Amino acid sequence: MSANQETRLDPQTIDWRKLDGLVPAVVQDSRSGRILMLGFMNREALERTQQTGLATFWSRSRKKLWCKGETSGNYLQVRSAHTDCDRDSVLLLVDPKGPACHKGTTSCFFEDQEFPGLEFLFYLSDLIRRRRETPVKDSYTSKLFSEGMAKIAKKLGEEAVEVVVSAGQDRSRSIEETADLIYHLLVFLEERGIRLEEVVEELKRRHATDH
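Under the numbering used here, the residue at position 169 of the sequence shown is numbered 161, and the numbers go up by one with no gaps.
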């Protein structure tokens, strides 16, 4: 696995008996949490995955190992591997290097414009990054980046004030102003070179010490 892996699995501790030497392997985006695909692993596939750091599965139709991305280039870089409580299935947390589905979508389970839970925040963060890296004409986001940090910080401050003011207004107004604030905060973070997950990690660190 990659150098920043969190967990390695010992094949000896996995129950390979229920599916004649195979276990289901759920693949999840380590950053957004999106479920990407489901594959199957035998012992050799798991060992190859942990040796190379690239998600490798057993093809039940072709009866052979296959590394996801070996033909498309859309590899799944494994950050960590986990088992369920019965140790008869595997969860891979990965950094995808392209669409996981053979149909060209990010996930085999969702269309690209479907965002379960809070996943949309990570999609929006990525979109904002793309607007900075590749400006789009008439894009408000690209315009903000062209005006620099002073303008971005000013807008963020204005939106924060609007949220406070909305405390005395209709509830829907608070929702709208909070959406504006979160958007401008994501723009601010991108300009500062701070990834959303870094902020989440800081919140988790504080939670761990707040007893």
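Just so it is clear, CB atoms sit at the ideal spot from N, CA and C, and this is done for glycine as well.
All values derive from a computational prediction rather than experimental measurement.
Flag this pair as yes or no: are the beta carbons of residue i and residue j separated by less than 7 Å?
i: A73; j: L57; result: no
i: R124; j: F114; result: no
i: V155; j: L173; result: yes
i: V86; j: V128; result: no
i: R121; j: E182; result: yes
i: S99; j: R26; result: yes
i: L188; j: S134; result: no
i: M33; j: W8; result: no
i: L83; j: Y67; result: no
i: V179; j: I144; result: yes
Between which two residues does the alpha helix (DSSP H) carrying residue i extend?
i: G149; result: 141 to 157
i: L173; result: 163 to 184
i: S117; result: 111 to 125
Can you tell me which residues form a DSSP beta bridge with residue i?
i: T98; result: BP columns for T98 are empty, so no partner.
i: T48; result: C59
i: H74; result: L83
i: F32; result: P16
i: Q69; result: L46, D87
Where does residue i land, buried or exposed, given buried means 16+ other C-beta within 10 angstroms?
i: G61; result: buried
i: I167; result: exposed
i: S(-6); result: Here S(-6) scores only 43 on pLDDT, less than 50, and its place in the model is too uncertain to base an answer on.
i: D2; result: exposed
i: K10; result: exposed
i: D202; result: exposed
i: Y132; result: exposed
i: R197; result: exposed
i: L30; result: exposed
i: G185; result: exposed
i: Q4; result: exposed
i: T126; result: exposed
The beta strand (DSSP E) with residue i in it runs from where to where?
i: K196; result: Careful: K196 lies outside any beta strand (DSSP E), inside the alpha helix (DSSP H) at 188 to 201.
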